[in-house]
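For the sequence shown, our numbering assigns the number 11 to the initial residue and increments by one for each residue that follows. All C-beta atoms in this analysis are idealised placements derived from N, C-alpha and C, irrespective of residue type, glycine included. For clarity, every value in this text was computed on a predicted model and none was experimentally measured. The block underneath contains the structure these notes are about, expressed in structure tokens.
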Amino acid sequence: MTRRSPVSLALPAFATVAVALSVTVVAQLADTPVQATDPRSLITGIVRSEDGTALAGAEVWLDAKRVTTDGDGRFSLEHPRAAVVTASAEGHLPRSVAAEPGPVTDLRLTAKPDETVSLRFGGDVMFGRRYYADVAGRGPILKHGATPNDIAGILSGVGPLLDDADLSIVNLETALVADPWNGAGKRPKGLHPTKDLVITSSTASAKALADAGVEVVSLSNNHTFDGLGAGLKSTIAALDAAGVKHFGAGSTVAEAWKPAVLTVRGNRVAFVGCTTVDGRHSGTSYVAEARHGGAAECEPALLTAAVEKARQQAPLVIVTIHGGAEYRRSQTREVRDLAQTATQAGAQLVVGSHPHVVGGLVHTGSSLFAESLGNLAFDQDLWSTLPSYLLRVDARFKAKGGTPAAQLVRADTDPILIDDYRPRPAVGAVAESVARIASGWVEGGVVMNRDSAAVPLGDAKPPTTPTTAKAELAKNEVRRISPGWWLAPAPDLNDQVRAGTDLLFGTGSFEPTVVGASDGAIPAWSLGKYATVSGDASCHSGHGIQLARTPLSTETAVMSPDHRSPVVQGQQLTLVANIRQASEGSRLEVHWYEDMAGPSTKSTKLELPTGAWSPERCQPVRLDLTAPRKAVAAQVYIVLDAPKGGQTIRRLAIDDVSLVDWAPKGRSGRRYDVVGGLRNGTVTLRSDSAAPADSSPLVR
């Protein structure tokens, strides 16, 4: 049930039209009669095979609820909020996805399970530093002496996703030591003495990873050697004791390059890893060399030799490359060249890490490169590090001329949002934003679905035939592109429209965005004491935010995203929102920062128009911005001042808040989720799948 403010919004009464919705129940619980159900409490979907064929009789479950699909592969589960559902069918591998009431979930299952291995890849993982700190008065997530069960709980939200694959692999970006340091006070002896930042986690983390469903970890990164030789030894010992396979680091160069080889149903998979971040500037390098151990250092000749050696042991070789620029979604030329080196040597899949933000997928020939998987479990506070995804890749094994061979047959993403340092499966606008990044940040033959990105490989086919549509856009109008649609190239694009990206990742719609969120909470936002989620504040059929102040109030009501968004000097931005009701003292603010920590140096304010509007005709507002000199971050604030005496009650009802980063003119593609009109006219949009006939490509 949605929480309501104790102070009524007292919005004007507007006529509402009740729309009769017919519901066809296509699957039912065993021994339970079919009953009419509110469609807003139904998770529906279609289960298909990898070639797009609907699977009748597939089993779909959510907690204790189990249903089977009808003849068209359709299912329906009564559930009022987002959840992870799992599907299985005879002759197919199982698959889990996050789903929400409303949109139809597309579940693709890979066939020939005896010949196929499913793999899950997650981003950077650590369980130290702020996990042991009291953040925002909520108390530490972990305490000294944390058990494997305590630590595994951090990954519990994505547990069903990790469990649906034969092998789950993450980048373990930390040293595992008996007594982890939280980063406060004097650096203990035994840790890297000159490095700017060291990360240590408990040795209990190894067992926690195993319990959470992780079978393999990469150690080819710049934090594996943070505990020096002794820390590397304790890391490897803890992983070995927990039965977690590892690769990418060792006490010698040869050990660091040694592949990890695993067998699944008789099919062999090899993993090789290296890093470009050598740390030699610090005085003690992070990579293995003659003097000490460490991570494998990326060098083309060594990488080629390692992949070729791994191909002799397994037909499927996967390479992880740790490098690039932190907080940049596009990989560097160096890392892209190394990825090409790995694939030319025989690797079918290359996975990147180090930027801490998620990047795009690139499909070239028979190989796949995930440029950056961002974070999976990390304690970073930078806003751009919060959205990420788990990558699911299925590979089929068969002999060619008597020689074992492997082929990637499907790859797709499962969006996540890191909320309070915990990864949670994402739905709605956040899932859409992540899908746009994965499918549109680099060119590479990737299909964008409503809430995921997919790479059709082997015999897999795109979901349906692509669709093209036209939409009207007025001059100076800012509209959000509907999920699954993207701005198509056009001859007059420079003069007609400008593409943009919402830096808030759609969270300013104030709709449910993650599985497991508590009622009345907006993940990744701080509502403060005086803001609540309410349908009465919405500018559509969902939720908005209301702030209220009474004559007795003395404090200003403030809410904002949890963390700052990175910007650069001169960056062109626009803050937009829809206002349902606003009293005097209502405003939007953007604060500018010259550092990722510390107070703001400047702020820009927009006083909101006073009045009340209907949900269908909320008052749009915009504030055009240019990031000032020396600015490195920005943060949005929604503000309502307390009354200054008298009997005044102040209210602010707001929805659809976005901070738009405008691309240079002429840009188009999947990565953009906002368009702005440069003149009156029409714009062309596309969908990689067939859209409903009544689906508008632009949100009002």
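query	result
Segments assigned alpha helix (DSSP H), at least 4 residues, entirely inside the stretch 275 to 324	310 to 321
Beta strand (DSSP E) segment containing residue 504, residue limits	Note, residue 504: premise wrong, no beta strand (DSSP E); alpha helix (DSSP H) at 503 to 506.
Bridge-paired residues (DSSP) for residue 105	97
Boundaries (first-last residue) of the beta strand (DSSP E) holding residue 421	413 to 429
Cβ-Cβ distance between residue 261 and residue 205 below 7 Å	no
At least 3 beta-carbon pairs within less than 8 Å: the stretch 397 to 415 vs the stretch 125 to 139	yes
Nearest residue (CA-CA) to residue 211, options 623, 443, 154	154
For residue 540, the three-state DSSP class (helix, strand or coil)	coil
Three or more C-beta pairs below 8 Å linking the stretch 419 to 432 and the stretch 297 to 308	no
4 or more residues per run - each alpha helix (DSSP H) lying fully within the stretch 129 to 184	158 to 162, 169 to 173
Expected contact under 8 Å - CB spacing of residue 108 and residue 435 to nearest Å	4 Å
Distance CB(residue 54)-CB(residue 68) smaller than 7 Å	no
Whether residue 660 touches residue 610 by CB criterion (7 Å)	no
Beta-carbon gap between residue 640 and residue 599 smaller than 7 Å	no
Closest residue to residue 157 among 207, 218, 122, 123 (Cα-Cα distance)	218
Cβ-Cβ distance between residue 327 and residue 362 below 7 Å	no
Exposure of residue 657, with buried meaning 16 or more beta-carbon neighbours within 10 Å	exposed
CB of residue 106 within 7 Å of CB of residue 115, strictly	no
Burial state of residue 343 (16 or more Cβ within 10 Å)	exposed
Presumed contact (8 Å Cβ cut-off) between residue 586 and residue 670, rounded CB distance	7 Å
The beta strand (DSSP E) enclosing residue 438, as first and last residue numbers	Per DSSP, residue 438 belongs to no beta strand (DSSP E); it is in the alpha helix (DSSP H), 438 to 450.
Backbone secondary structure at residue 659 - three-state DSSP	coil
C-beta contact flag for residue 121 and residue 59 at 7 Å	yes
Which of helix, strand or coil DSSP assigns to residue 696	strand
Nearest to residue 304 (by Cα), restricted to the options 94, 239, 269	239
Three-way DSSP call (helix, strand, coil) for residue 348 in this model	helix
Segment contact, 8 Å Cβ cut-off, at least three pairs: the stretch 213 to 231 with the stretch 244 to 259	yes
Buried versus exposed call for residue 556 [16 or more other C-beta atoms within 10 Å across all chains shown]	buried
8 Å contact criterion, which residue 382 and residue 367 should meet: CB distance rounded	7 Å
The alpha helix (DSSP H) enclosing residue 242, as first and last residue numbers	238 to 252
Whole-Å CB distance - residue 664 paired with residue 554, under 8 Å assumed	6 Å
Candidates 465, 536, 482: closest to residue 698 by CA position	465
Residue 597 - partner residues in DSSP beta bridges	617, 649
Residue ranges of each alpha helix (DSSP H) within the stretch 194 to 244, 4 or longer	214 to 222
For residue 373, the residue or residues it bridges with in DSSP	378
Separation of residue 676 from residue 502, as counted between CA atoms	8 Å
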